[in-house]
Structure formats: C-alpha cells, structure tokens
Amino acid sequence: MTIVYAAIAAFAATGCAVDGEPRSATTASPLGKTPSEAVRQNDDSGKRLPFTTTFPDRWSRNNDGTKYEPCTALTDAELADTGLDPHSVSDIALANRQTVRGCLWQYASLRNSSLSQGTGNAPTFEERITDRDWYKTSWDIRIDGRLVMVDSTGRYDCSTTVKSGDAPVVTIVMRTADLIPLTELCKYAIDFTRRTIPKMEPPAP
Numbered sequence: 001m002t003i004v005y006a007a008i009a010a011f012a013a014t015g016c017a018v019d020g021e022p023r024s025a026t027t028a029s030p031l032g033k034t035p036s037e038a039v040r041q042n043d044d045s046g047k048r049l050p051f052t053t054t055f056p057d058r059w060s061r062n063n064d065g066t067k068y069e070p071c072t073a074l075t076d077a078e079l080a081d082t083g084l085d086p087h088s089v090s091d092i093a094l095a096n097r098q099t100v101r102g103c104l105w106q107y108a109s110l111r112n113s114s115l116s117q118g119t120g121n122a123p124t125f126e127e128r129i130t131d132r133d134w135y136k137t138s139w140d141i142r143i144d145g146r147l148v149m150v151d152s153t154g155r156y157d158c159s160t161t162v163k164s165g166d167a168p169v170v171t172i173v174m175r176t177a178d179l180i181p182l183t184e185l186c187k188y189a190i191d192f193t194r195r196t197i198p199k200m201e202p203p204a205p
C-alpha cells in the first residue's frame, strides 16, 4: 500500500485533489448486494476495470471532464510492452468520490519504480500551465499536435500533463532506487503518454 500512498501524494503535489469519503470495502448495500455487485465496474466504453472497486462514486462530477479511463486505456500486452507489470495494477482512489480517477502499476524489472496515470477536473489544464514555478525542472513538448507539460520536483519523479476533453490527464513515474538521469526517467512518462494519447478525447477549446 506504500506505493499507492506515494502515488496519491504525488498527485496531490501536482495539484490533483484527492478529497473524498472513506468507505469500508465490506459494507453491504441497502439491497443486500455486496459492493462489487452493486457498484459500477465498467468504463464508458464498456471495458471492465482491472480491479473491483467498492466506491459507488469513483466516476463523479469531480472527474467527469473526460470520458478517458486510464485504467483501461491499454491492454495487458500493451502495458507489458512499456515495461509495466499488468498484474500489479491498483486503484489510485483511496476514498469514495475522490477527485483523481486512475491507476498505478509497478515496473516489472525496475526496483522501487512505478507509473501512475490519473485525471480530475481540478485544477484545470489551463490552471496547471500557470502554476509550474514550484517544479525544479519543466519543459513542454508536443505529441500528436497536443501540448504536453513535462515537470519534475526532483530526481525521483517525472510527470506529464495533457488535456483530454475538459480535464488534464497526469502521468507520473516514480523511481527511488537505481537512480537514472532525469531525462531518462522522463522518457518513461513521455512514452506512456505517447501510447495513451490516441485513446484520449481531443482537448476541448
């Protein structure tokens, strides 16, 4: 669970709110169904999440700026091709109605390394553009014609931010062992972003 909390902290650091309501995973629903039977498990395209969520408001007005679902964007084979272990997937959400919606994976052969991708309505992509002074390193690139912000708070992390619909999609790579140059670390976040951008909605004007 430590890695998941680290990812939540990273998303909080990038400005993605994580407010929500803690909810027991064993609480029965009013209809007598278990949470997994009563709670939505599929994204907007009908793909099932790679885990069972017990949060009825995982999809909410806090993160409905895009229909893009980070947890189902790539197949297991596509995830493995990036170096991630598909079976290590975990939900970023630690509370019901949490703003950030997304997933975290661990790298199969890189010790203490993970990648997370999430989306939430606040702060907006435009607000993020004007609030980057606190990063140690920042630069911009374009992928498929879209502006992508690349940012890092230090030698252990690198993130990208791109707009899908009305919401930002943030990808964060964290590595706390066998450290590599920041430019190399950022290549992992940029590569994942490049692979998932085709799955995202065009940015709203």
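Each residue of the sequence shown is one higher than the last, beginning at 1 in the UniProt record's numbering.
We put the CB at the ideal spot given by N, CA and C, even for glycine.
- Cβ contact annotation for residue 188 (same chain, cutoff 6 Å, sequence separation greater than five): 173, in chain order.
- Counting only runs of 4+ residues, the alpha helix (DSSP H) found wholly inside the segment 26–89 occupies 35–38, 76–81, in chain order.
- Here the segment 63–73 makes contact with the segment 44–51; the two share three or more CB pairs at distances below 8 Å.
- For residue 115, the enclosing beta strand (DSSP E) stretches over residues 113–119.
- Assigned with DSSP and collapsed to three states, residue 155 falls in coil, not helix or strand.
- Each of 94, 152, 112, 95 was checked against the Cα of residue 84, and the nearest Cα belongs to 112.
- Ranked by Cα distance from residue 163, the first of 64, 107, 185 is 64.
- A Cβ-Cβ contact shorter than 8 Å links residue 169 with residue 117.
- Secondary structure note for residue 190: its alpha helix (DSSP H) is the uninterrupted segment 182–196.
- Within the same chain, Cβ atoms closer than 6 Å to the Cβ of residue 105 are found at 84, 88, 89, 115, the five residues on either side in sequence being excluded.
- Burial of residue 152 is indicated by the presence of at least 16 other C-beta atoms within 10 angstroms of its C-beta.
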